[in-house]
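Numbering (my numbering), first residue to last: 29 to 168.
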């Protein structure tokens with residue numbers, strides 16, 4: 029776990045999350061690991077009005093999505109993602125155990141609940157050497 033706290037939405041976050049400027053937002057930032065090795069850095073934002081008191085939960089031990097479902101009755105039904113390849117920033121090198129010049133996937137996910145309500149905004153950076161992306165494309 030890197031951090032979890034309630035923060036005021038700055039202009040960019042307010043626009044991306046669909047909330048008002050300075051509105052309280054829960055932020056959960058963590059490094060995701062597989063076999064003890066870092067794979068991704070992830071930062072989730074959720075409007076605090078939808079999840080009051082969530083900052084007291086120990087997300088080193090419990091799932092965010094289980095808390096959303098069990099405590100707040102919020103179920104994520106769909107999501108969209110924007111995936112971009114780029115070179116890791118200096119602070120990401122340290123968090124993910126990478127060498128300078130390493131490539132990463134930057135992923136923005138917007139998760140939606142019933143009725144299309146935006147519930148969560150997630151910004152992630154994945155190691156490109158430990159993560160793969162498979163897409164299924166269907167002609168409509």
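For every residue, glycine included, the Cβ atom is placed at its ideal position computed from N, Cα and C.
Since this is a predicted model, take the numbers as computed values, not measurements.
Classification of residue i by the beta-carbon crowding that lies within 10 angstroms, buried from 16 upward
{"i": "residue 90", "result": "exposed"}
{"i": "residue 32", "result": "buried"}
{"i": "residue 170", "result": "This structure leaves residue 170 out entirely; the chain is present only between 29 and 168."}
Short Cβ contact (8 Å threshold) for residue i with residue j
{"i": "residue 59", "j": "residue 66", "result": "yes"}
{"i": "residue 109", "j": "residue 82", "result": "no"}
{"i": "residue 159", "j": "residue 133", "result": "yes"}
{"i": "residue 41", "j": "residue 73", "result": "yes"}
{"i": "residue 54", "j": "residue 34", "result": "yes"}
Residue closest to residue i, alpha-carbon to alpha-carbon, out of the options
{"i": "residue 87", "options": "129, 56, 79 and 137", "result": "56"}
{"i": "residue 129", "options": "115, 120 and 139", "result": "115"}
{"i": "residue 163", "options": "98, 36, 111 and 92", "result": "111"}
{"i": "residue 146", "options": "78, 161, 39 and 166", "result": "78"}
{"i": "residue 169", "options": "61, 105, 64 and 75", "result": "Residue 169 is absent from the model: the chain starts at 29 and stops at 168."}
Three-way DSSP call (helix, strand, coil) for residue i in this model
{"i": "residue 67", "result": "strand"}
{"i": "residue 115", "result": "strand"}
{"i": "residue 108", "result": "strand"}
{"i": "residue 4", "result": "Absent from the model: residue 4. The displayed extent of the chain is 29 to 168, so no value can be given."}
{"i": "residue 124", "result": "helix"}
{"i": "residue 154", "result": "strand"}
Residue i CB to nearest heavy atom of the ligand ADP below 7 Å
{"i": "residue 57", "result": "Only the bare structure without any ligand can be found here, which leaves the ligand ADP out of the picture."}
- Item | Any 3 or more C-beta pairs closer than 8 Å across the segment 146-154 and the segment 63-82 | Counting C-beta pairs closer than 8 Å gives three or more between the segment 146-154 and the segment 63-82, which meets the contact rule.
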